[in-house]
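>
In this note's numbering, the protein residues as written are 0 to 196.
1) Could you tell me the boundaries of the alpha helix (DSSP H) in which residue 39 lies?
2) So, residue 174 versus residue 137, is the Cβ gap smaller than 7 Å?
3) State the DSSP-derived secondary structure class of residue 143, mapped to helix, strand or coil.
4) Roughly how many angstroms lie between the CA atoms of residue 97 and residue 91, to the nearest whole one?
5) Tell me the start and end of each unbroken alpha helix (DSSP H) in the region 113 to 170 that is at least 4 residues and wholly inside, in chain order.
6) Thinking residue 140 and residue 184 are a contact (beta carbons under 8 Å), I'd like their distance in whole angstroms, please.
7) What would DSSP say about residue 33, mapped onto helix, strand or coil?
8) Which same chain residues, not among the five before or five after residue 151, have their C-beta less than 6 Å away from its C-beta?
9) Tell me whether residue 63 is buried or exposed, calling it buried when 16 or more other Cβ atoms sit within 10 Å of its Cβ.
10) Given residue 158, which residues of its chain have a CB within under 8 Å of its CB, disregarding the five upstream and five downstream residues?
11) I need the boundaries of the alpha helix (DSSP H) containing residue 60, first residue and last residue.
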């Protein structure tokens, strides 16, 4: 009798497991697709991955510079993101304006609002953080800080602020070079965006 009950339970469990597996096999997942040479291929965006092993430093000074770069990135990257967002919003709003007078008034009003919001914080940045911010703005907006100032405020203002930057050893025309000079910084940015820093 016990054998019969055990056999019946085993058959019942086996059929319920098969039913569960069958339901999983018939469920479908829908992915966006693209057609390449007549073949339909699922299109799935995968986050960029940085292969990272244990970083080795040649000297204590190099290690200190690396960790200083991380600190500076954490402080300046949010400002570069804000600059990208505000620039996009400004450009979209400027498209709706009809006269140069309206555009100039809007730019002046936006500059005043941004100064009130960020000037006290940005003045506290160190020179190295300021240099990094210039590069990050180029990376995020696709334009150097000099080009942005010239586009929004004119050539005279751009030349003036370039002169001020040069007095402090910076250059508003500095470009972000992800394959050369800024390769390590670019890797750190990707890690920061993924929440790994």
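We treat Cβ as the ideally placed atom computed from N, Cα and C, and that holds for glycine.
Well, looking at it:
1) Residue 39 -> not in any alpha helix (DSSP H); beta strand (DSSP E) instead, spanning 38 to 41.
2) yes
3) coil
4) 13 Å
5) 126 to 140, 144 to 152, 154 to 166
6) Rounded, the Cβ-Cβ distance is 16 Å, inconsistent with contact.
7) strand
8) 106
9) exposed
10) none
11) 59 to 95
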